[in-house]
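This report refers to the structure that appears directly beneath it.
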DNA sequence: ATGTTC
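Numbering (this note's numbering), first residue to last: 16 to 495.
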């Protein structure tokens with residue numbers, strides 16, 4: 016017997032199916048990884064229809080997956096995972112999103128919250144002073160077109176080679192901080208123009224720098240493996256590919272709208288514009304997307320370097336090392352086992368994190384016995400989580416988990432109901448010192464605008480798609 | 001997310 020919630024059928028605890036009969040054209044079912052309360056909310060939400068639309072795309076394999084932090088996005092839902100055959104399926108810019116390789120880097124330090132607490136205001140002010148943030152912000156690096164081409168190909172390595180980081184940083188970046196598929200020839204002049212002054216800038220919206228500390232450890236072995244001891248101070252960086260990736264997405268949505276006619280592809284929503292992966296347009300988008308992904312890794316590498324500079328200035332002798340760096344808006348060619356056979360797929364994760372289980376050969380050596388650190392930021396007033404990947408996720412969700420709390424209120428609704436300066440004062444009373452580019456932008460990012468990330472994380476853990484490692488509580492935040 | 005309506 017399976018329980019029904021609107022059009023959704025519960026197939027297992029935390030696993031709800033949206034059957035192919037929900038909408039004409041669906042080639043596979045949708046699967047939502049949620050608890051019952053969330054299933055009821057999503058059953059009425061636009062993201063459910065988007066999940067179904069994705070299931071209509073050519074070459075989709077298995078199911079169109081929705082993570083517990085799912086909400087409506089451009090065409091594809093945010094919190095969505097969709098894998099397509101590379102020989103007969105499509106690639107879609109909407110399945111990656113406008114902020115290509117938006118992602119998170121977590122760094123641990125050699126000091127504790129007791130060391131930092133007395134200096135948190137000064138530390139946060141210096142972070143805001145030394146790390147450019149906000150819309151249209153520009154960095155200290157002004158790249159020539161040739162330099163930018165190198166960034167597009169080399170990713171995080173480009174920055175490390177120029178003294179902005181440590182070799183170890185690369186080992187703990189997904190893909191070692193660079194996708195091999197990058198080809199700068201697939202990137203427009205306009206994207207280059209927008210990207211040249213933006214390396215080493217945080218951006219705006221939900222992008223942030225956060226000083227936080229380990230306040231709970233759930234698994235001693237995993238936490239030790241990731242270097243996350245009780246009260247260790249960490250820094251989380253959330254940023255992406257800025258105007259550069261945005262322009263690449265814009266360019267290719269337009270290219271693919273034309274390509275669809277040429278290739279005879281029909282989609283239920285124009286925002287799902289796509290092309291066969293093995294077509295000229297599909298390959299060029301993949302190459303350009305990889306350039307943006309590599310730009311974002313270089314960006315987080317430079318940001319990490321700037322953070323290190325600030326931390327060392329205030330705490331001489333401090334060691335700041337990368338725990339892990341994940342993309343949560345990206346598409347990659349990966350091998351997965353489908354119906355008992357290995358198959359090459361182009362896996363789109365939009366607001367979803369890749370999660371490798373113990374023993375996966377792609378893991379850095381130090382983590383191979385433990386699985387991948389999954390970084391799940393919550394909101395600036397509560398907490399974030401570090402999880403570890405499982406083999407079950409590799410089997411059930413193409414090795415994917417959630418990426419954050421997920422919005423509860425729209426930006427508009429949050430701005431109406433929250434006063435930015437009052438929010439700052441409230442957080443300060445809680446021991447969280449917050450600086451933003453404006454009170455309005457802070458209000459949009461208020462804790463009450465987000466779901467409680469602990470509920471999102473519980474679903475992943477109880478469904479067996481991740482293991483709980485540690486919880487991080489913020490003490491100083493710079494918002495873009 | 002984004003030189004937030006090239």
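Here a beta-carbon is modelled for each residue, glycine too, at the ideal position from N, C-alpha and C.
(message) Here's the rule I'm using: 16 or more other beta-carbon atoms within 10 Å means buried, otherwise exposed. How should residue 41 be labelled?
(response) buried
(message) To the nearest angstrom, how far is the alpha carbon of residue 197 from that of residue 440?
(response) 45 Å
(request) Return the Cβ separation of residue 292 and residue 99 in integer angstroms, given the expectation that the two are a contact with Cβ distance under 8 Å. (result) 6 Å
(message) For residue 103, which residues in the same chain have their Cβ closer than 6 Å to its Cβ, ignoring the five residues on either side in sequence?
(response) Residues of the same chain with a CB within less than 6 Å of the CB of residue 103, apart from the 5 flanking positions on each side, are 74 in chain order.
(request) Could you tell me which uninterrupted alpha helix (DSSP H) segments, each at least 4 residues in length, are contained entirely in the stretch 89-132, listed from first to last along the chain? (result) Runs found: 128-131.
(request) Note down the Cα distance separating residue 273 from residue 187, rounded to an integer number of angstroms. (result) 39 Å
(message) Can you tell me whether residue 200 is buried or exposed? The criterion is at least 16 other CB atoms within 10 Å of its CB, across all chains shown.
(response) exposed
(request) Pick out whichever of 482, 463, 447, 315 has its Cα sitting closest to the Cα of residue 140. (result) 447
(request) Identify every residue that forms a DSSP beta bridge with residue 359. (result) 350
(message) For a test of the three-state rule: what should DSSP assign to residue 86, helix, strand or coil?
(response) strand
(request) Could you pull the start and end residues of the beta strand (DSSP E) that residue 18 belongs to? (result) Careful: residue 18 lies outside any beta strand (DSSP E) and carries neither H nor E.
(message) Looking at residue 342: is its Cβ nearer than 8 Å to the Cβ of residue 416?
(response) no
(message) Cutting at 6 Å between CB atoms, please list the residues of its own chain near residue 63, excluding the five before and the five after it.
(response) The beta carbon of residue 63 sits closer than 6 Å to those of 57, all from its chain and outside the five residues before and after it, given in chain order.
(request) Can you tell me which of 425, 263, 238, 195 puts its alpha carbon nearest to the alpha carbon of residue 204? (result) 263
(message) Would residue 115 and residue 290 be called neighbours here (beta carbons separated by less than 8 Å)?
(response) With respect to the 8 Å criterion, residue 115 and residue 290 are not classified as neighbours on the basis of their beta carbons.
(request) Could you tell me whether the Cβ atoms of residue 54 and residue 24 are closer together than 8 Å? (result) no
(request) Consult DSSP for residue 182 and reduce its assignment to one of helix, strand or coil. (result) helix
(request) Would you tell me roughly how many angstroms separate the C-alpha atoms of residue 375 and residue 383, rounded to the nearest one? (result) 7 Å
(request) Report the residue ranges of all alpha helix (DSSP H) runs contained in full by the stretch 193-238; include only those spanning at least 4 residues, in chain order. (result) 204-210
(request) Check whether the stretch 244-258 touches the stretch 212-231, counting contact only when three or more Cβ pairs, one atom from each stretch, lie closer than 8 Å. (result) yes
(request) Going by CA-CA distance only, name the one from 278, 308, 310, 311 that's closest to residue 295. (result) 278
(request) Assign residue 445 to one of three DSSP states: helix, strand, or coil. (result) Note: residue 445 maps to coil in three-state DSSP.
(message) Please report the distance separating the alpha-carbon of residue 95 from that of residue 363.
(response) 8 Å
(message) Residues in the same chain with beta-carbon distance under 8 Å from residue 127, minus the five sequence neighbours each way, listed in chain order, please.
(response) Excluding sequence neighbours, residue 127 sits near 228, 246, 247, 248.
(message) Quick check: what's the CA-CA separation for residue 350 versus residue 359?
(response) Using only the alpha carbons, I get a separation of about 5 Å.
(request) State yes or no: is the C-beta of residue 400 within less than 8 Å of the C-beta of residue 468? (result) yes
(request) Spell out a yes or no on whether the stretch 297-304 and the stretch 316-330 are touching, meaning 3 or more CB-CB pairs, one atom from each, closer than 8 Å. (result) The stretch 297-304 vs the stretch 316-330: no contact.
(message) Suppose the cutoff is 6 Å on Cβ atoms and the five residues either side in sequence are ignored; what does the same chain contact list for residue 241 look like?
(response) 338, 388
(request) Evaluate residue 39 with the Cβ neighbour count: other Cβ atoms within 10 Å of its Cβ, from every protein chain shown; 16 or more gives buried, anything less gives exposed. (result) exposed
(request) Using alpha carbons as the reference points, say which of 453, 45, 406 lies closest to residue 219. (result) Considering only alpha carbons, the answer is 453.
(request) Check the DSSP bridge columns for residue 389 and list the partner residues they point to. (result) 402
(request) Give me the Cα-Cα distance between residue 33 and residue 335, rounded to the nearest whole angstrom. (result) So the two alpha carbons sit approximately 45 Å from each other.
(request) Alpha carbon to alpha carbon, how far is residue 160 from residue 211? Give it in angstroms, no decimals. (result) 7 Å
(request) Verify whether the separation of the beta carbon atoms of residue 169 and residue 309 is less than 8 Å. (result) When the beta-carbon positions are compared, residue 169 and residue 309 come within less than 8 Å of each other.
(request) Report the rounded CA-to-CA distance for residue 395 versus residue 438, giving the unit in angstroms. (result) Residue 395 and residue 438: Cα-Cα distance of roughly 11 Å.
(request) Quick one: give me the first and last residue of the alpha helix (DSSP H) that residue 27 is part of. (result) Not the alpha helix (DSSP H): residue 27 falls in the beta strand (DSSP E), residues 23-27.
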